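In the numbering used here, the protein residues as written are 15 to 444.
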């Protein structure tokens with residue numbers, strides 16, 4: 015009995031020493047590497063940080079904002095980023111320095127743009143927030159004396175928006191870079207993604223929205239078309255009607271633009287190069303990952319209520335899925351998530367990519383949570399008529415493994431400008 019008691023006292027003593035040691039020395043304090051365990055909220059936090067290099071965000075603003083957000087809480091996300099945008103506006107109003115004022119306004123744009131992202135399309139706060147971010151953006155450019163031209167592009171009885179950023183040195187004969195967005199981008203955001211850096215490299219830059227994007231969607235109800243050569247042709251025709259034709263033109267598509275830009279280049283010989291940033295060979299295949307064939311069978315055989323229940327259950331568990339369902343129906347004009355999946359089956363470069371005759375740059379993140387990495391090989395194999403094909407896949411240690419290399423803008427920009435130099439004989443300004 016005495017021996018057993020001593021044994022227990024020894025165990026208790028060791029535990030006490032362990033607890034005391036932990037209290038004194040603590041556990042190893044390793045960096046986390048993520049803002050949220052949820053990929054969607056983490057990704058869109060990185061998306062804000064992506065704009066730091068182009069004066070569109072500050073690191074401390076981001077760190078302070080995400081402290082007040084719980085992943086999956088769209089209302090909390092809206093409030094926190096709106097508050098941060100308001101602080102940037104107050105700073106812009108209080109400062110007399112022109113550069114500081116302009117940068118604060120650009121940051122406000124990013125924060126307001128980010129705030130509305132997870133709100134439902136019909137939420138009355140969305141157009142108000144969108145108007146604030148657009149107003150802040152152009153006020154910021156004006157304060158910074160950035161040269162730009164806003165262009166209205168006639169399109170099928172409606173109009174599309176475009177912005178032209180002329181190169182600071184008109185004597186440089188570099189290609190015109192034409193930049194378009196994707197499934198959820200905005201016209202103004204394109205300035206931060208590539209426009210500013212390309213402009214500083216001495217390139218003329220033309221950015222544009224198509225149907226399903228920007229004011230075409232929000233104000234005119236124009237939804238996406240898989241025939242992206244049509245809005246792209248309209249933008250190019252309008253621009254070239256009022257500006258000298260450059261020697262070379264390179265088309266860059268961001269995110270879903272990895273499908274849209276190559277599709278347009280396949281049908282428009284005016285482009286000399288096209289960049290899929292990132293790869294998006296088959297958007298329909300991406301969508302099908304979230305809707306197994308059994309869902310369609312159930313709906314077609316009278317079990318639509320079961321399908322709707324399953325979709326609502328997944329939306330409740332997955333912020334990313336919930337947003338994709340909502341945004342897909344909004345931008346494609348569908349009434350049901352499965353109709354969205356069907357509509358996206360047209361968004362494939364199969365049977366189209368062989369028409370591309372330009373130099374092609376394919377970028378991809380090895381851990382892209384949207385696009386399977388296998389689509390790189392599919393695209394490469396289909397580019398039978400391209401003048402050249404260059405592919406870069408970024409791994410995790412490089413920092414570029416995320417979709418569109420979010421968080422590693424300088425990394426993919428280095429690849430892009432080197433490619434521009436190699437293919438078109440251009441180099442950095444100066």
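Even glycine gets a Cβ: it sits at the ideal position worked out from N, Cα and C. A quick note: this is a predicted structure, and the numbers were derived from the prediction, not measured.
So for residue i, helix, strand or coil by DSSP?
i, result
"residue 194", "strand"
"residue 120", "helix"
"residue 354", "helix"
"residue 85", "coil"
"residue 282", "coil"
"residue 44", "coil"
"residue 59", "helix"
"residue 185", "At residue 185, the pLDDT of 49 sits below 50, so the modelled position is not reliable; the number obtained from the coordinates is stated separately. Correct three-state label for residue 185: coil."
"residue 387", "coil"
"residue 98", "helix"
"residue 417", "helix"
"residue 156", "helix"
"residue 398", "coil"
"residue 6", "Since the first residue of the chain shown is 15 and the last is 444, residue 6 is not available in this structure."
"residue 109", "coil"
"residue 236", "coil"
"residue 340", "helix"
"residue 411", "coil"
"residue 143", "helix"
"residue 345", "helix"
"residue 150", "helix"
"residue 78", "helix"
"residue 200", "coil"
"residue 393", "helix"
"residue 171", "coil"
"residue 93", "helix"
Who does residue i pair with in a DSSP beta bridge?
i, result
"residue 176", "165 and 222"
"residue 291", "268 and 377"
"residue 362", "296"
"residue 370", "According to DSSP, which records beta bridges pairwise, residue 370 is partnered with nothing at all."
"residue 263", "190"
Taking Cβ to Cβ, would you say residue i is nearer than 7 Å to residue j?
i, j, result
"residue 65", "residue 197", "no"
"residue 377", "residue 406", "yes"
"residue 94", "residue 82", "yes"
"residue 162", "residue 209", "no"
"residue 397", "residue 364", "no"
"residue 271", "residue 195", "yes"
"residue 392", "residue 295", "yes"
"residue 293", "residue 266", "no"
"residue 218", "residue 181", "yes"
"residue 138", "residue 344", "no"
"residue 124", "residue 115", "no"
"residue 122", "residue 99", "yes"
"residue 346", "residue 305", "no"
"residue 312", "residue 300", "no"
"residue 286", "residue 263", "yes"
"residue 385", "residue 403", "no"
"residue 175", "residue 229", "yes"
"residue 120", "residue 154", "yes"
"residue 50", "residue 74", "no"
"residue 226", "residue 237", "yes"
"residue 222", "residue 361", "no"
Which residues bound the beta strand (DSSP E) around residue i?
i, result
"residue 378", "373-379"
Which residues bound the alpha helix (DSSP H) around residue i?
i, result
"residue 406", "Segment 402-408 is the beta strand (DSSP E) holding residue 406; no alpha helix (DSSP H) there."
"residue 423", "423-438"
"residue 244", "243-256"
"residue 64", "That residue, residue 64, is in no alpha helix (DSSP H); it is neither H nor E in DSSP."
"residue 325", "318-331"
"residue 211", "210-214"
"residue 310", "307-314"
"residue 70", "That residue, residue 70, is in no alpha helix (DSSP H); it is neither H nor E in DSSP."
"residue 232", "228-232"
So, at 7 Å on beta carbons, what are the nonlocal neighbours of residue i in its own chain, with the 5 sequence-adjacent residues on each side left out?
i, result
"residue 140", "130 and 133"
"residue 8", "Absent from the structure is residue 8, since the part of the chain shown begins at 15 and ends at 444."
"residue 169", "245 and 248"
"residue 332", "none"
"residue 370", "276, 279, 280, 288, 397, 399 and 400"
"residue 79", "94, 95 and 98"
"residue 148", "202"
"residue 106", "115, 118, 119 and 122"
Within its chain, find whatever has a CB closer than 6 Å to the CB of residue i; leave out the 5 residues flanking it on each side and keep chain order.
i, result
"residue 430", "none"
"residue 382", "417"
"residue 146", "126"
"residue 252", "167"
"residue 213", "179 and 219"
Tell me, please, whether the CB atom of residue i is closer than 7 Å to any CB atom in chain E?
i, result
"residue 435", "Of the chains in the structure shown, none is chain E; there is only one protein chain."
What residues in its chain sit with their C-beta under 8 Å from that of residue i, if we drop five residues either side in the sequence?
i, result
"residue 415", "379, 380, 381, 382, 408 and 409"
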